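Enquirer: First residue of the sequence shown: 9, per my numbering; consecutive thereafter.
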Amino acid sequence: MNTQYLQFNEKDLSTAGEFIRQGKLVAFPTETVYGLGANAFDVEAVKSTYVAKGRPSDNPLIVHVHCKEQISQIARTISPDAEKIIDNLMPASITVVLPKRSIIDDCITAGLDTVAIRMPESVQARTFLRHCVVPVTAPSANTSGRPSPTTWQRVRDDLDGKISAVLCGEPCNVGIESTVLDLSGDEPLILRPGIVTPEQIEKVLGKKVTIVTDPKSKVNSPGVRYKHYAPKIPMALNLDGDVAKIKDCYDNLVKEGFNPVLLVESPQSFKGCNAVCIGTNDDEVAHNLFENLRILENDYDYIVASFSSKTAFAQSILNRLIRSAGNNLF
Ligand code: AMP
Ligand code: MG
């Protein structure tokens with residue numbers, strides 16, 4: 009397949025929207041990561057998303073909308089809590105899980121009776137979605153399991169020749185995926201942490217939210233149990249920022265014959281080592297995270313990362329780093 013690289017002008021946006029309505033796959037920018045879009049009302053199109061990505065079919069997809077009115081086309085009921093989130097927090101990097109309408113096929117939800125819905129904050133994303141008219145399923149536009157793409161060039165690296173088009177927009181601002189908030193049950197549950205924090209959600213809802221930390225305990229969000237975001241080379245993750253410990257790990261790897269690289273908060277503390285800055289604040293760390301992994305895997309053969317920030321957003325970044333490292337922590 010010849011993948012077309014489309015620009016953000018009226019003509020190309022019309023083409024992109026037309027492609028989606030014809031059942032083709034179009035990758036597009038959002039503020040979190042690039043998404044791989046398909047017409048949510050076209051079962052064959054949705055199924056081809058799983059094939060292009062190599063994604064397990066029991067990992068449900070998020071349906072993307074450009075306006076609040078579209079949500080009621082997809083959700084069967086909108087609870088008072090859901091209404092509060094939709095009115096006060098959307099559009100933003102948050103996904104809500106609500107009871108689904110029957111028009112939403114089981115192949116989108118992996119057989120669940122609920123559907124995940126997101127209205128991106130990115131104006132480029134919503135412009136594209138408006139041109140699609142229909143709601144659009146979109147997982148990250150990468151090969152399943154790899155670090156998510158935050159530029160259109162990274163989408164090309166993984167999916168060139170496998171999808172009809174890439175809408176070449178801006179690099180993603182946030183850099184990690186949306187917060188997933190399940191509002192389909194009796195109590196609100198955060199199934200995946202993101203830039204929208206529990207505190208922000210609690211403020212809007214006026215009640216406590218539960219963060220589901222152990223993915224195995226929650227069958228409700230099958231996607232979170234997969235190894236994810238992994239570079240092609242092995243990775244270890246330090247959680248306390250202890251310079252001596254990190255240096256020790258690095259030296260041992262060198263002794264074993266590796267050409268390792270440190271991805272750390274203060275590379276200047278590691279004289280004589282290959283060392284790259286992970287970011288000077290949480291926003292920067294998230295923004296560069298997946299791109300850093302994709303750059304470093306080409307130049308080295310082992311990544312030793314360290315991240316010790318303790319903010320609410322840092323917990324969301326850590327969630328990704330731990331999966332990238334395949335839980336190889338020290
Ligand atoms: P991804 O598209 O890979 O960024 O991931 C989508 C995330 O949303 C995964 O963690 C899914 O498990 C989650 N998700 C999608 N649909 C549902 C649903 N109906 N119920 C719970 N979680 C969902
Ligand atoms: Mg993904």
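The beta carbon of each residue, even a glycine, is placed where N, CA and C say it ideally should be.
The structure displayed is predicted, hence computed values, not measured ones.
According to DSSP, which residues form a beta bridge with residue 243?
Expert: Against the sequence shown, residue 243 aligns to sequence position 235. According to DSSP, which records beta bridges pairwise, residue 243 is partnered with 311.
Enquirer: Is residue 101 near the ligand AMP, with its Cβ less than 7 Å from a heavy atom?
Expert: Residue 101 sits at position 93 when you count from the first residue of the sequence shown. Not so, every heavy atom of the ligand AMP lies at least 7 Å from the Cβ.
Enquirer: Rounded to the nearest angstrom, what separates residue 327 and residue 320 at their Cα positions?
Expert: Position 319 of the sequence shown, counted from the first residue, corresponds to residue 327. Position 312 of the sequence shown, counted from the first residue, corresponds to residue 320. One C-alpha to the other measures close to 11 Å.
Enquirer: When the Cα of residue 48 is compared with those of 88, 100, 79, 116, which residue comes out closest?
Expert: Residue mapping note: residue 48 aligns to position 40 of the sequence shown, counting from 1. Among 88, 100, 79, 116, the Cα nearest to that of residue 48 belongs to 116.
Enquirer: Can you list every residue whose CB sits closer than 7 Å to some heavy atom of the ligand MG, going in chain order?
Expert: This criterion selects 147, 148, 150, 156, 185, 236.
Enquirer: Given the structure, does residue 117 come close to the ligand AMP, in the sense that its CB is under 7 Å from one of the ligand's heavy atoms?
Expert: As a working mapping, residue 117 is identified with position 109 in the sequence shown. Correct: residue 117 has its Cβ closer than 7 Å to the ligand AMP.
Enquirer: According to DSSP, is residue 12 part of a helix, a strand, or is it coil?
Expert: Translated into positions along the sequence shown, residue 12 becomes position 4. Here residue 12 sits in strand by DSSP.
Enquirer: Rounded C-beta distance between residue 71 and residue 188? I'm assuming under 8 Å.
Expert: As a working note, residue 71 is residue 63 in the sequence shown. As a working note, residue 188 is residue 180 in the sequence shown. Incorrect: roughly 13 Å between the Cβ atoms, too far for contact.
Enquirer: Go through its chain and collect everything with a Cβ distance to residue 55's Cβ below 6 Å, but skip five positions before and after it.
Expert: On the sequence shown, position 47 is the one that residue 55 refers to. For residue 55, where only same-chain residues beyond five positions count, the Cβ hits under 6 Å are 115.
Enquirer: Among the residues of its own chain, which have a CB less than 6 Å from the CB of residue 152, if the five just before and after it don't count?
Expert: Start at 1 with the first residue of the sequence shown, and residue 152 comes out as number 144. If we look at residue 152 and ignore the five residues flanking it on each side, its Cβ neighbours are 61, 62, 63.
Enquirer: Measuring only the C-alpha atoms, how far is residue 3 from residue 176?
Expert: The structure shown has nothing for residue 3, since the chain only spans 9 to 338.
Enquirer: Rounded to whole angstroms, how far is the Cβ of residue 103 from the Cβ of residue 124, which I believe are closer than 8 Å?
Expert: As a working mapping, residue 103 is identified with position 95 in the sequence shown. As a working mapping, residue 124 is identified with position 116 in the sequence shown. Confirmed, about 5 Å.
Enquirer: Using only CA atoms, which one of 19, 126, 51 lies nearest to residue 43?
Expert: Taking the sequence shown and counting its residues from 1, the one referred to as residue 43 is at position 35. Measuring from the Cα of residue 43, the nearest candidate turns out to be 126.
Enquirer: Under the criterion of a Cβ to heavy atom distance below 7 Å, does residue 190 qualify as lining the ligand AMP?
Expert: Start at 1 with the first residue of the sequence shown, and residue 190 comes out as number 182. Yes, the Cβ of residue 190 comes within 7 Å of a heavy atom of the ligand AMP.
Enquirer: Helix, strand or coil for residue 182 per DSSP?
Expert: On the sequence shown, residue 182 is found 174 positions in, with the first residue counted as 1. Coil.
Enquirer: Smallest Cα separation from residue 339: which of 179, 240, 97, 282?
Expert: The structure shown does not extend to residue 339, since the chain spans only 9 to 338, so no value can be given for it.
Enquirer: Quick one: what does DSSP say residue 28 is sitting in, helix, strand or coil?
Expert: Indexing the sequence shown from 1 puts residue 28 at position 20. If DSSP states are grouped into helix, strand and coil, residue 28 belongs with the helices.
Enquirer: Can you tell me whether residue 88 is buried or exposed? The criterion is at least 16 other CB atoms within 10 Å of its CB, across all chains shown.
Expert: The residue you call residue 88 lines up with position 80 of the sequence shown. Exposed, because fewer than 16 other Cβ atoms sit within 10 Å of the Cβ of residue 88.
Enquirer: Just how far apart, CA to CA, sit residue 17 and residue 141?
Expert: Stepping through the sequence shown from its first residue, residue 17 is reached at position 9. Stepping through the sequence shown from its first residue, residue 141 is reached at position 133. Looking at the two C-alpha atoms, the distance is approximately 17 Å.
Enquirer: Taking all protein chains shown into account, decide if residue 227 is buried (16 or more other Cβ within 10 angstroms of its Cβ) or exposed.
Expert: As a working mapping, residue 227 is identified with position 219 in the sequence shown. Confidence in residue 227 is poor, its pLDDT being 46 and thus under 50, which makes the residue's placement unreliable; the coordinate value appears in the next sentence. Residue 227 is exposed by the Cβ-count criterion.
Enquirer: For residue 294, tell me which candidate among 217, 332, 182, 314 has the shortest Cα-Cα distance.
Expert: Mapped onto the sequence shown, residue 294 falls at position 286. Cα-wise, what sits closest to residue 294 is 182.
Enquirer: Taking the alpha-carbon positions, what's the residue 337 to residue 252 distance?
Expert: For this step, residue 337 is matched to residue 329 along the sequence shown. For this step, residue 252 is matched to residue 244 along the sequence shown. Cα-Cα distance, rounded: 16 Å.
Enquirer: Cβ of residue 174 within 8 Å of Cβ of residue 100?
Expert: Position 166 of the sequence shown, counted from the start, is the residue given in the question as residue 174. Position 92 of the sequence shown, counted from the start, is the residue given in the question as residue 100. No, the pair does not count as a contact, with Cβ atoms beyond the cut-off.
Enquirer: Under 7 Å: does the beta carbon of residue 68 sit that close to some heavy atom of the ligand AMP?
Expert: Locating residue 68 in the sequence shown gives position 60, where the first residue counts as 1. Correct: residue 68 has its Cβ closer than 7 Å to the ligand AMP.
Enquirer: Are residue 185 and residue 200 close, meaning C-beta to C-beta below 8 Å?
Expert: For the purposes of this step, residue 185 is identified with residue 177 of the sequence shown, where counting begins at 1. For the purposes of this step, residue 200 is identified with residue 192 of the sequence shown, where counting begins at 1. Yes.
Enquirer: Around the Cβ of residue 166, are there at least 16 other Cβ atoms within 10 angstroms (buried) or fewer (exposed)?
Expert: Taking the sequence shown and counting its residues from 1, the one referred to as residue 166 is at position 158. Classification for residue 166: buried.
Enquirer: Which runs of the alpha helix (DSSP H), 4 residues or longer, sit entirely within the segment 269-325?
Expert: Runs found: 290-307.
Enquirer: Give me, in chain order, the residues of the same chain whose beta-carbon lies closer than 8 Å to that of residue 206; leave out the 5 immediate sequence neighbours on both sides.
Expert: Taking the first residue of the sequence shown as 1, we reach residue 206 at position 198. For residue 206, where only same-chain residues beyond five positions count, the Cβ hits under 8 Å are 198, 217, 219, 320.
Enquirer: With DSSP as the reference, label residue 227 as helix, strand or coil.
Expert: The count along the sequence shown starts at 1 and reaches residue 227 at position 219. In this prediction, residue 227 scores a pLDDT of 46, lower than 50, which makes its location untrustworthy; the coordinate-derived value is nonetheless stated afterwards. Residue 227: coil per DSSP, three-state reduction.
Enquirer: Between the Cα of residue 160 and those of 325, 315, 11, spot the shortest distance and give me the residue it belongs to.
Expert: Position 152 of the sequence shown, counted from the first residue, corresponds to residue 160. Of 325, 315, 11, the residue nearest in Cα terms is 11.
Enquirer: Can you tell me the Cα-Cα spacing of residue 90 and residue 192, whole angstroms?
Expert: As a position in the sequence shown, residue 90 is number 82, starting the count at 1. As a position in the sequence shown, residue 192 is number 184, starting the count at 1. Taking the straight line from one Cα to the other gives about 9 Å.
Enquirer: What residues in its chain sit with their C-beta under 6 Å from that of residue 266, if we drop five residues either side in the sequence?
Expert: If you number the sequence shown from 1, residue 266 lands on position 258. Excluding sequence neighbours, residue 266 sits near 309, 310.
Enquirer: Verify whether the separation of the beta carbon atoms of residue 354 and residue 284 is less than 8 Å.
Expert: Within the shown structure, residues of the chain are numbered from 9 to 338, placing residue 354 beyond reach of any answer.
Enquirer: Using 8 Å for Cβ pairs, my map puts residue 147 next to residue 271. What's the rounded Cβ distance?
Expert: As a working mapping, residue 147 is identified with position 139 in the sequence shown. As a working mapping, residue 271 is identified with position 263 in the sequence shown. Going by Cβ atoms, the distance from residue 147 to residue 271 rounds to 25 Å, so no, they are not a contact pair.
Enquirer: Spatial neighbours of residue 298 within its chain, please: CB distance less than 6 Å, with the 5 preceding and 5 following residues excluded, ordered by chain position.
Expert: Position 290 of the sequence shown, counting from 1, holds the residue named residue 298. For residue 298, where only same-chain residues beyond five positions count, the Cβ hits under 6 Å are 155, 156, 158.
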